[in-house]
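Everything in the sequence shown is counted per full-length UniProt numbering, starting at 1 for the first residue and increasing by one. Here's the structure, in structure tokens; my notes come after.
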Amino acid sequence: MTVPSLPYRIGYGEDAHRLAEGRPLVLGGVPIPHAERGAVAHSDGDAVLHAVADALLSGLALGDIGHYYPDTAPEHQGLDSRVILRDSLALVREWGYRPANVALVVTLDRPKLGPLRAEIARTVAGLLELPETEVGVSFKTSEGLAPDHVQVRVTVLLVRDGE
Ligand code: C5P
Ligand code: MG
Numbered sequence: 001m002t003v004p005s006l007p008y009r010i011g012y013g014e015d016a017h018r019l020a021e022g023r024p025l026v027l028g029g030v031p032i033p034h035a036e037r038g039a040v041a042h043s044d045g046d047a048v049l050h051a052v053a054d055a056l057l058s059g060l061a062l063g064d065i066g067h068y069y070p071d072t073a074p075e076h077q078g079l080d081s082r083v084i085l086r087d088s089l090a091l092v093r094e095w096g097y098r099p100a101n102v103a104l105v106v107t108l109d110r111p112k113l114g115p116l117r118a119e120i121a122r123t124v125a126g127l128l129e130l131p132e133t134e135v136g137v138s139f140k141t142s143e144g145l146a147p148d149h150v151q152v153r154v155t156v157l158l159v160r161d162g163e
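In structure tokens:
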């Protein structure tokens, strides 16, 4: 790949997981208490961290997390999504960029996540080594259109070193 030329790059990522009983729900590295259902996934199913990692990679056209961590590989069973995010961040840095701010939207009908907004922002910011004010966290219901899913969408601004 040729070296990216723009001083600022926008990344976008998405992830969705089906919800099922008997599984924990973890979003942005935060276990969600009182969640009746959790994410069905090959890894730990943290849709926020997956979408943030994909956003980081997409900003520099570095592919997506499935390219680096195929879900067909047995060694990725139960993989801690924080590892995926840290690796993606390291790759961004190797290319001479850093994330400046992140905006993420979680679509989930239940439970209400508002009380966990600050904790999720703090945790994601910590993983990205950003102040928590640089991570915006929004929640939406699907209005009953997707009651069996959690869906996350993320944008990130990447800034070239020296800018
Ligand atoms: O999707 P809707 O606009 O009806 O969501 C209303 C509000 O409920 C959102 O703005 C958000 O603050 C909150 N919410 C939440 N937890 C969810 C979904 C929505 O706190 N799981
Ligand atoms: Mg996922």
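Here a beta-carbon is modelled for each residue, glycine too, at the ideal position from N, C-alpha and C.
Item	Value
For residue 165, count neighbouring Cβ atoms within 10 angstroms of its own Cβ and tell me buried if that reaches 16, exposed if not.	This structure cannot speak to residue 165, because the chain is shown only from 1 to 163.
Give me the residue from Ser138, Tyr97, Leu104 with the minimum Cα distance to Pro115.	Ser138
Could you say which of Lys140, Val83, Arg153, Pro99 lies nearest to Leu128 if we only look at CA atoms?	Pro99
Could you give the C-beta distance for Ala61 and Gly13, rounded to a whole number, given that I count them as a contact under 8 Å?	Ala61 to Gly13, Cβ: 13 Å. No contact.
Report all residues for which the CB-ligand distance to some heavy atom of the ligand C5P is below 5 Å; order them along the chain.	Leu108, Lys112, Leu113, Gly114, Phe139, Lys140, Thr141
Just to confirm my understanding: we take Leu49, look at its own chain, exclude 5 residues before and 5 after, and list those with CB closer than 8 Å. What are they?	Gly28, Gly29, Ser81, Arg82, Ile84, Leu85, Val124, Leu127
So for Ser138, helix, strand or coil by DSSP?	strand
Are Ala41 and Leu19 closer than 8 Å when you measure CB to CB?	no
When you compare only the Cα positions, how much space is there between Gly63 and Glu21?	32 Å
If we call anything under 8 Å between Cβ atoms a contact, is His34 one with Pro147?	no
Going by the beta-carbon positions, is the gap between Leu153 and Val105 smaller than 8 Å?	Looking at the sequence itself, residue 153 is Arg, so the reference to Leu does not match. In this structure, Val105 lies closer than 8 Å to Arg153 by Cβ.
Taking only three categories from DSSP, how would you classify Ala118?	helix
Measure the alpha-carbon distance for Ile10 versus Ala90 and round it to whole angstroms.	17 Å
What span of residues does the beta strand (DSSP E) with Asp15 cover, start to end?	8-21
Is Thr74 helix, strand or coil by DSSP?	In the sequence on display, residue 74 carries Pro and not Thr. DSSP places Pro74 in helix when its eight states are reduced to three.
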